[in-house]
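Asks: Residue numbers (our numbering), protein chains in the order written: chain A, 1 to 160; chain B, 1001 to 1800.
Even for Gly, the Cβ is constructed at its ideal location relative to N, Cα and C.
As the structure is a computational prediction, the values presented were derived from the model and not from experiment.
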Amino acid sequence: MESITLAVNGTERNLEVEPRTLLVHALRDDLRLTGTNIGCDSSSCGACTVLINGQSAKSCTMFAVQADGADITTIEGVADSDGTMHPMQQAFHEHHALQCGYCTPGMVMAAISLVEEYPDLDDQGVRHGLEGNLCRCTGYQNIVNAVLAVAGSGSKGSES
Amino acid sequence: MTMTDDPATHLDSAGHMGRPRLRREDPALLTGEAQFIDDMSLHGEIWVGIVRSTEAHATILGVDGSAALEIDGVTEVLSGADLAPLWGEGALPCAWPVTDDMRNPAHLPVATSVAKYVGDAVAVVLATSRYAAADGAAAVSVDYDPLPAVVDIEAAVADGAPLVHEDLGTNESYTWPLIPNPEAVDEAFANAAHVVSERFVQQRLIPAPMEPRGVVAAPGVASGELTLYSATQIPHILKVMTAVTLGIPEHKIRVVAPSVGGGFGCKLNVYAEEILCSALAMDRGVPVRWTESRSEAATATIQGRGQVQHIELAADDNGKVQAVRVKLLADMGAYLQLVTPGVPLLGGFLYHGCYDIAHYSFECTSVFTNKTPTDAYRGAGRPEATYAVERAMDSLAVAVGVTPEEIRSRNFIAADAFPYESCAGLIFDSGDYQTVLDKAVEMAGLDGVRATQAQRRADGSNRQIGVGFSSYVEMCGLAPSRVLASLNYGAGGWEAATVRVLPTAKVQVITGSTPHGQGHETSWSMIVADKLGIDPDDVEVLHSDTAISPTGLDTYGSRSLSVGGTAVFMATDKVLDKARLIAAHQLEANEDDLEYVDGAFQVKGTPTAAVPFAAIAFAAFTAHDLPDGMEPNLEAHVTYDPPNFTFPNGTHIAVVEVDTDTGDVDIVDYVAVDDCGNQVNPMIVEGQVHGGVLQGAAQALYEDAVYTEDGQIVTVNLGDYLVPSAAEAPAYRVASHVTPSPTNPMGVKGIGEAGTIAATPAVINAVVDALRPMGITDVAMPASPQTVWRAINEAQGGAS
Ligand code: FES
Ligand code: FES
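(1) Quick one: Cα of alanine 1034 of chain B to Cα of proline 1258 of chain B, how far?
(2) Using a Cβ-Cβ distance under 8 Å, would proline 19 of chain A count as near chain B?
(3) Taking 7 Å as the line, does the beta carbon of glycine 46 of chain A fall inside it for any heavy atom of ligand 1?
(4) List the endpoints of the continuous beta strand (DSSP E) containing glycine 1062 of chain B.
(5) Can you tell me which of the three DSSP states tyrosine 1360 of chain B falls into?
(6) Please return the same chain residues whose Cβ sits closer than 7 Å to the Cβ of alanine 1623 of chain B, not counting the five positions on each side in sequence.
(7) Could you tell me whether any Cβ in chain A is nearer than 8 Å to the Cβ of alanine 1414 of chain B?
(8) Output the boundary residues of the beta strand (DSSP E) element that contains leucine 1022 of chain B.
(9) In its own chain, which residues sit with a C-beta less than 6 Å from the C-beta of methionine 1241 of chain B, not counting the 5 before and 5 after it?
(10) Do serine 1741 of chain B and threonine 1867 of chain B have their beta-carbon atoms positioned less than 8 Å apart in this structure?
(11) Short check: CB of aspartate 1573 of chain B to CB of glycine 1015 of chain B, under 8 Å?
(12) Check the Cβ of proline 1480 of chain B against every Cβ in chain A and list those closer than 7 Å, keeping chain order.
(13) Could you tell me whether the region 1199-1215 of chain B touches the region 1771-1783 of chain B, where touching means 3 or more Cβ pairs closer than 8 Å?
(14) Comparing the C-beta of cysteine 1364 of chain B with each C-beta of chain A, is any distance below 8 Å?
(15) Any idea what DSSP makes of alanine 1008 of chain B, helix, strand or coil?
(16) Counting only the same chain and skipping the five closest in sequence on each side, list residues whose C-beta sits under 7 Å from that of aspartate 1769 of chain B.
(17) Which whole-angstrom value describes the C-beta separation of glutamate 1390 of chain B and glycine 1347 of chain B, a residue pair presumed to lie in contact below a C-beta threshold of 8 Å?
(18) So is valine 1256 of chain B in contact with chain A if we call contact Cβ pairs under 8 Å?
(19) Around the C-beta of alanine 1454 of chain B, are 16 or more other C-beta atoms found within 10 angstroms, so that it is buried, or is it exposed?
(20) Count the other CB atoms, across all protein chains shown, that sit within 10 Å of the CB of proline 1007 of chain B; report buried if there are 16 or more and exposed otherwise.
(21) What are the start and end residues of the beta strand (DSSP E) that includes phenylalanine 1469 of chain B?
(22) Count the other CB atoms within 10 Å of the CB of arginine 1482 of chain B; is the residue buried (16 or more) or exposed (fewer)?
(23) Look at isoleucine 1764 of chain B and alanine 1783 of chain B and say whether their C-beta atoms are less than 8 Å apart.
(24) Is any heavy atom of ligand 1 found at a distance shorter than 7 Å from the C-beta of isoleucine 1582 of chain B?
(25) For valine 1655 of chain B versus alanine 1766 of chain B, is the C-beta distance shorter than 8 Å?
(26) What are the boundary residues of the alpha helix (DSSP H) that asparagine 1411 of chain B is part of?
(27) Thinking just about the alpha-carbon of each residue, which of A:His86, A:Cys137, A:Ile4 and A:Gly139 is nearest to the one in leucine 1030 of chain B?
(28) Confirm the yes/no value for this check: CB of cysteine 137 of chain A, any heavy atom of ligand 2, distance under 7 Å.
(29) Distance, Cα to Cα, valine 108 of chain A vs tyrosine 1732 of chain B?
(30) For a cutoff of 8 Å on Cβ pairs, would you count alanine 978 of chain B as touching chain A?
(31) Taking a contact to mean a Cβ-Cβ separation below 8 Å, would you say valine 1326 of chain B touches glutamine 1309 of chain B in this structure?
(32) Using the three-state DSSP reduction, which class does aspartate 1186 of chain B fall into: helix, strand or coil?
(33) Touch check for the region 1282-1302 of chain B and the region 1158-1168 of chain B: three-plus C-beta pairs under 8 Å?
(34) Under the criterion of a Cβ to heavy atom distance below 7 Å, does methionine 1210 of chain B qualify as lining ligand 2?
(35) So, helix, strand or coil for aspartate 122 of chain A, using DSSP?
(36) In the DSSP assignment, what residue or residues form a beta bridge with asparagine 1318 of chain B?
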């Protein structure tokens, strides 16, 4: 077992993990932060997306020990402490950008990071920026609209 | 919103119904608070790892767990034979023996002597952690003696084919005909001016909800109770089936579906892992859990489609179709799961599509293969039927020399023909198919698209345009129990609801529907709130736990609103009936003289003397002054059995651009006009259409469960099995037309499967339309760049 320290959602957490423990399992099973989901075993779906030192990353593609000392934000850490949702969460709600909600935490984290990185996103930019995050329910159009609403530009999807 | 026909106008426009309302389900899902199955953790739980067959067909000579037992945390390795006493005679259930002579081989949760498909469970590892269970399963070695495997369904019915189940002596499970008047069909074909004859292949699909499956079984050691948590669409059906399969008294079983991350039919089942974990938990007296990995899901969870279709149309010289004749081969896989054999039948009534065709002949032969069982996947039988008839109608249009829209118009069931008795014996409820098509044509700007298409053709452009139509009708709102009985289905099709008014006038709704993304909590609260004249936020909707909602038949077949929602609607009526009696008593008035306005009963035209709902709720609770003989409290329960199916319909138009150099297909426009009857929450309707369309388009262009000739699956993960991302997804332009269904009091029909049913033929018809000048009349699914490029290359005389 290895001792590591993660700053998760602003709180320092010390934990003992096997060297092969995936970060996503450390978050979910050891820290009981179960908002981050697992949708595959081939780094294909993005359900496990979190922010590591401010950058979005798939937490199933790295070992927890590789994140030792890192600053990690999960879906549990993006709303205000008074419960007010992050603008991206709010936009997903208002645009009906989720149905079953399983892809949603990963999608929201990827979208937050995308908008921060590319403030001038257009429809295609959002679509390609979120290519690594799969959703089986929504057909994506409302997700694209939600992200564009936060990014502050128009969408190819909405008529009228 | 892009509604061109405001659904609100068709419902009581004073309320919430018919207007978009944001979902109350969202905050928990958006913040990570929602609990999915793998988020649970129970004290003392043990993990199950499953050893799955690597052979498509093989005798199991031995299971060696010694290496696994060396692994830290692995406590036991159990073969199928070791486990057999846990279920005794109990085999996994098939609830739909479609014919009396259907062959249904015993299907044990873990195979004992022969593995029949890659992924078949052959041994089980128990461990103290997730990782140890996975490591242990990988370390078990199984000694197989391979047997010949049968993979292709046409090969399975050929003489001398290897047998999946030696003891059955055949690979055929059943043959199911629906031929009301065979002579009339023959005559129509004999006299036809045009006969279209097509063969289509429905490839197998992997449902791939983003949440894989999972099970946690928790025993009550002293009480003899079992609590089964499962990522399921059907907690109620699962409870009955677990009782029957394992012999646990049904009243000792509680089944809970936590938040469920999508299902699309693949969580409408009773799976080996549910029975296995339940049996082990009861036997060992500790919680037992299993979480499916995505790679495991490729073979451990049912697959969809898997059919070879032969369809023929007989038409007169105007292109009016007189008869349709269909022969189907349907792939059951190695075993019959819960409703496997019934899936082709759900399409079997709809091979005449939305057309007024006099004569009908349908026959399905269902066969076993050494592959994962098939079962219901979004649309279940109806997408396949719609695909065949819509592709064939385009062929007919070419034969007759008219446009696809014209051939459809010449054959549509007329708007004034409803209720319409179909040649397959169904009564279609309502519709105006021509108006729907006209609206889609207008939205698509068809003239402009065709002009661009003509220009590109004239220019010999390497980016050819194609337009594809798909006019569909589906039967949903499953289902009238008596009709299900006539189809040999093992249960009814009703749904239950309780509406309970609390002392403070807040309301609890208990529904037998089991949402997993459809937003029932929001929609049901709107229905109740409108009827009671209260705020939807004052209505709580409880579901998915048989201890809270003991009666129900769950969510599938686009049934929730038209059956479950109707039960809620009717239970609210019953509450109002009782409330009216209490109000009349308080007002010392005749109940017939009362009206319910803005949440209060008043004597008609006399708003000064009114009893608000809250006062009635409290009076019912205190019971201090109720009418003589009335029971206290305000609560009603309704079980609603629909008198008929509902028949959502629509026309979708796909416009594609085909890169003739690379074979790449891009959907450049997608228009959907759907008639799902009255709409409770148009925002949710539109979302269902979006997601449904992408799933249907994905069958057309991307998805395929690929097997090798010896039965190995190639597409095991999401890197190989191409669930589309936002980058591939088109933009959808969605509108609706409303013809209320006369079948239920809200006039609703259902929308969960419509997009998937419509989209596949729309997209392929568009691809074929783009390539038809090259002499191409068919493109196999999925129309991947390779497939399309090969078709073009062959048409141009190149080698394939
Ligand atoms: S779980 Fe990490 S990418 Fe799928
Ligand atoms: S909302 Fe269900 S997977 Fe995205």
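Replies: To lay it out plainly:
(1) 9 Å
(2) no
(3) yes
(4) 1058-1064
(5) strand
(6) Pro1632
(7) no
(8) No beta strand (DSSP E) holds leucine 1022 of chain B; DSSP gives it neither H nor E.
(9) Pro1093 and Val1270
(10) Outside the shown range of chain B (1001 to 1800) lies residue 1867 of chain B, about which nothing can therefore be said.
(11) no
(12) Neighbours of proline 1480 of chain B on chain A: none; closest Cβ ~28 Å, over 7 Å.
(13) yes
(14) no
(15) Residue placement at alanine 1008 of chain B is poorly supported in this model, since its pLDDT is 42, which falls under 50; the coordinates still yield a value, given next. Three-state result, alanine 1008 of chain B: helix.
(16) Gly1466, Val1467 and Gly1468
(17) Not confirmed; about 13 Å, so no contact.
(18) no
(19) exposed
(20) Low per-residue confidence applies at proline 1007 of chain B: pLDDT is 46, beneath 50, and the placement is therefore not dependable enough to give any value.
(21) 1463-1473
(22) exposed
(23) yes
(24) no
(25) yes
(26) 1404-1411
(27) A:His86
(28) yes
(29) 22 Å
(30) Look at the range of chain B in this structure, 1001 to 1800, and you will see that residue 978 of chain B is not part of it.
(31) yes
(32) helix
(33) no
(34) yes
(35) coil
(36) For asparagine 1318 of chain B, which the question treats as bridged, DSSP gives no partner whatsoever.
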